Amino acid sequence: MKVTIDGFPIEVEAGTSILNAARLIGGDIVPPAMCYYSKLEGSGGKCRTCLVQVTKGSEKDPRPMPKLVASCRTTVMDGMEVKNITSPEVIEARKGVVEMLLINHPLDCPVCDQAGECHLQDLGYEHGAAKTRYEFDRRTFEKIDIGDKIQLHMTRCILCYRCVFVADQITDHRIHGILNRGDHSEISTYIQKAVDNDFSGNVIDVCPVGALTDKTFRFKNRVWFTKPVEAHRECENPKCCGKVTLWYKGEDVIRVTARKDEYGEAEEFICNTCRFDKKKTNDWVIEGPRKISHKSVINSNHYDTLHPLPVVKTNPVLMEANKEQFERETRL
């Protein structure tokens, strides 16, 4: 099937969504997605950030669709023509969606561990309004520890359902989900049961905002001060791929995550043993530095080699003088 998105034609298989067709083209024409996750069945259709305008339905029925549609939930038709960034209507609608998402979301980026990796932060920068029109109090929730390694900050949650789908499809059983309805909806555990299974840590990776965070990493460092390195190990769990990204601060591994693609989606899911218990370099086979997009703030502290060249060349005379000065002050 042939579909044209923002003037770029592409041939795709039947059943492909507009969003995935745009991802095959790549670049700026790819609609943003906060709830859709290609590896989770049933995801999408919750956040509405991927709205696009279909100006031509198909060759058989060239009439345009009367309203903007969610590209993650709309399959392409042969001859379909779609507008994303070339449609002022889409840009204005996306601005309204972002304003709605930020109604209750606290703007605590300076203290949020997701800063630098937050898709909502990017959306707010690209499409957000300068100020909100909302005059009522934001909804707030107390922080909840769901297990000994994960903290839920429901105040930041945008109800994308990703963590629910992960627990439903990746883990052995799901004991958390959406409670209540309307503006009282929240992610929570049933009668305060802890989320405790071998793959529960993946809810951290799929969360697009800072609602679900790694308690072993909270407030330890900013991601742009760390150095991501790809590594792997032979994991004892047959369901775990054992391929991860190690986040170094100096010589210490301060965080372990699944490897993510350019859209922030985990390439493969990892178990809790790899994520939380293996934080020594000798636990892993190091492959090399992870490639980081030049648009990411993490790239500011990224190197193409594991051992970057020193900024100042080694000066033996200066080193010896410093050693003598140190010894002299130590005696004094």
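Number 244 in numbering that gives the first Met the number 0 belongs to position 245 of the sequence shown; there are no gaps in the numbering. We treat Cβ as the ideally placed atom computed from N, Cα and C, and that holds for glycine. Computed from a predicted model, the values in this text were never measured in an experiment.
Proximity below 7 Å, CB of residue i to CB of residue j
i      : j      : result
Ile253 : Lys219 : yes
Arg207 : Arg289 : Per the sequence shown, the amino acid found at residue 207 is Pro instead of Arg. Their beta carbons are not under 7 Å apart, which means Pro207 does not touch Arg289 by this criterion.
Ala32  : Ile4   : no
Glu286 : Glu233 : no
Thr48  : Lys82  : no
Val165 : His231 : no
Lys242 : Arg258 : yes
Ile297 : Val222 : yes
Thr15  : Val75  : yes
Lys45  : Cys159 : yes
Arg72  : Gly95  : no
Proximity test, Cβ basis, 7 Å: residue i and chain B
i      : result
Lys226 : Here chain B cannot be found, since the structure has a single protein chain.
Distance between residue j and residue i (C-alpha atoms, nearest Å)
i      : j      : result
Phe7   : Asp112 : 37 Å
Tyr133 : Val2   : 39 Å
Gly26  : Lys279 : 37 Å
Glu10  : Ser37  : 19 Å
Glu98  : Gln120 : 12 Å
Ile17  : Lys277 : 40 Å
Leu317 : Leu211 : 49 Å
Ala13  : Val110 : 45 Å
Asn179 : Glu185 : 7 Å
Asn103 : Gly176 : 19 Å
Asp334 : Ser187 : Given that the chain is displayed from residue 0 to residue 331, the structure contains no residue 334 and the question cannot be resolved.
Arg137 : Asp282 : 44 Å
Ile28  : Ile84  : 6 Å
Glu267 : Met79  : 32 Å
Leu245 : Leu23  : 28 Å
His118 : Ala320 : 50 Å
Ala114 : Asp107 : 9 Å
Val202 : Thr256 : 11 Å
Ile157 : His126 : 17 Å
Pro65  : Lys294 : 35 Å
Ser299 : Ser57  : 45 Å
Pro87  : Phe135 : 29 Å
Val310 : Glu326 : Annotation note: pLDDT 48 at Val310 (below 50); position unreliable, no value reported.
Ala129 : Glu116 : 22 Å
Continuous beta strand (DSSP E) stretch holding residue i: start and end
i      : result
Gly287 : 284-288
Leu178 : 175-178
Close Cβ partners of residue i (< 6 Å) along its chain, the five nearest in sequence each way excluded
i      : result
Thr154 : Pro105, Thr139, Phe140
His152 : Lys142, Ala210
Ala92  : Leu50, Leu67
Ser70  : Ile17, Leu18, Pro30, Cys49, Val51
Proximal residues to residue i (C-beta, below 7 Å), its chain only, five neighbours per side dropped
i      : result
Val197 : In the sequence as displayed, the identity of residue 197 is Asp instead of Val. Closer than 7 Å at the Cβ level, and outside the excluded window around Asp197, lie Asn236, Cys270, Asn271.
Ser199 : Gly146, Ile149, Thr170, Asn271
Phe216 : Asp112, Ile253, Arg254
His183 : none
Boundaries of the alpha helix (DSSP H) in which residue i is found, first to last residue
i      : result
Asp5   : Looking at the DSSP string, Asp5 is not in any alpha helix (DSSP H), and its letter there is neither H nor E.
Glu125 : 118-126
Leu18  : 17-24
Close beta carbons around residue i, own chain, < 8 Å, minus the five adjacent residues each side
i      : result
Gln168 : Leu39, Glu40
Glu250 : Thr280
Glu261 : Ser292
> Hey, which unbroken runs of the beta strand (DSSP E) at 3 residues or more fall wholly within the region 44-90?
Replying inline: Whole beta strand (DSSP E) segments, 3+ residues: 50-55, 79-82.
> Hey, which unbroken runs of the beta strand (DSSP E) at 3 residues or more fall wholly within the region 237-290?
Replying inline: For secondary structure counted as the beta strand (DSSP E) over 3 or more consecutive residues, the region 237-290 holds these complete runs in sequence order: 242-248, 251-257, 284-288.
>> Please give the ranges of any beta strand (DSSP E) in the region 137-164, keeping only runs that are unbroken, at least 3 residues long and fully inside the region.
In response: Counting only runs that start and end inside the region 137-164, the beta strand (DSSP E) elements of at least 3 residues fall at 149-151.
> For the region 195-228, which segments carrying the alpha helix (DSSP H) assignment without a break, of at least 4 residues, lie completely within its bounds, in sequence order?
Replying inline: If we require 4 residues or more, the alpha helix (DSSP H) runs fully inside the region 195-228 come out as 201-205.
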